[in-house]
Every structure is written in structure tokens, then in C-alpha cells.
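Remarks on the structure that follows.
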Amino acid sequence: MQLTVLGATGPIGRQVLQQALAAGHRVTALVRDPSRLPQRDDARVTVVIGDAALAADVERAARGSQALICALGPGKDYKSTLATRTAGPVLEAMAAAGVERLVWLSALGSGDTTRRQSLFQATAAKLVMGTLMADPSARSAWRGVPYVYRRARSR
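Under the numbering used here, the first residue of the sequence shown is numbered 4, with each subsequent residue one higher.
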């Protein structure tokens, strides 16, 4: 299967890319800085330089893929609006590229992130998707798109 991975240079995206390749998939990785992608020279990986907040860049990366996996994360910026800034462009690009499957991953509120978050931040992390879906433009963009949203859970 041909997959497109957004956030492939981050901690979750690196795992997604590694597991996808191990499972025999071909991967297109949309990255801002290809030097941060260890698999950039792997023949099964196509690197597209761009910005996940720009529909044209995501569309260019997604063309020919059967699924898009979004592993974008805020890094250490818990006030990041990355999810809300990218949801619309990602969905717009998927529609234009004919990609019908979406997996949106997040680790907010799991593992080490729980120790670094205040109670407010932890609560906010649980509400990220609720906030995203409360945004009328994002909510309407998701209509009709089969998607899975997974948030890692702490033990």
C-alpha cells in the first residue's frame, strides 16, 4: 500500500514510518527538513518538501496514496494550534488527491507528556479533538471522510 505520512521526522512519525516500511508499505513523507528524515535515502520512501498547513503541499505528497497518516505534533509547545491549522488543508488535499482514508495520531496526555503538563494542559489535551470538531470549518471539512483519531493513553 502507498501511504503518505505527515510528521515523519517527529517521534511518533518516525515510529509510523519505521513500522510502515517493516510491513512492506511504500511511504511518501511530507517534511520541512529532509535532513531530519533518517530513511530519506530508502528506495521505498519518497520525500516531498513542504508544509502540512498548505493544502497544495499536502496534495502533492498525497497523490497516489491509499491512506494518509497524520502524526503531526506540537513538540514542546503545548499551546500549538497545529491541529486546527492543518485539519482543513489536510482534508482539502485528500479530497483533491483522491485519498479516502485518514489516520490522525496524537500522544498528548500520554507518557512523559503527563508529567510536563499542568492540570489545565492535561484537560486541554483531552479536549483537542472536541475543540477541533467545534470549529465549524474543520467540522464541515471532516463530513463524509472515514477517519480514525487515536490518542495514546498512559498506563
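Here a beta-carbon is modelled for each residue, glycine too, at the ideal position from N, C-alpha and C.
Go ahead and label M97 buried or exposed: buried means 16 or more other beta carbons lie within 10 angstroms of its beta carbon, across all protein chains shown. buried
Please identify the residue among L20, H28, A26 and A25 whose C-alpha is closest to the C-alpha of R39. When only C-alpha atoms are compared, the closest one is L20.
Does DSSP put L9 in a helix, a strand or coil? strand
Give me the Cα-Cα distance between S68 and T84, rounded to the nearest whole angstrom. Rounded to whole angstroms, the gap between the alpha carbons of S68 and T84 is 26 Å.
Cβ atoms of L33 and G53: under 8 Å apart, would you say? Yes. Within cutoff.
For A70, count the other beta carbons within 10 Å of its own beta carbon; 16 or more makes it buried, fewer makes it exposed. Which is it? buried
Classification of G101 by the beta-carbon crowding that lies within 10 angstroms, buried from 16 upward: Exposed: under 16 other Cβ atoms inside 10 Å.
Enumerate in chain order the residues of its own chain whose CB-to-CB distance from T7 is below 6 Å, with the five nearest sequence positions on each side excluded. T31, A64, A65, S68 and L71
Whose C-alpha, out of V106, L9 and H28, is nearest the C-alpha of R35? Minimum Cα distance to R35 is reached at L9.
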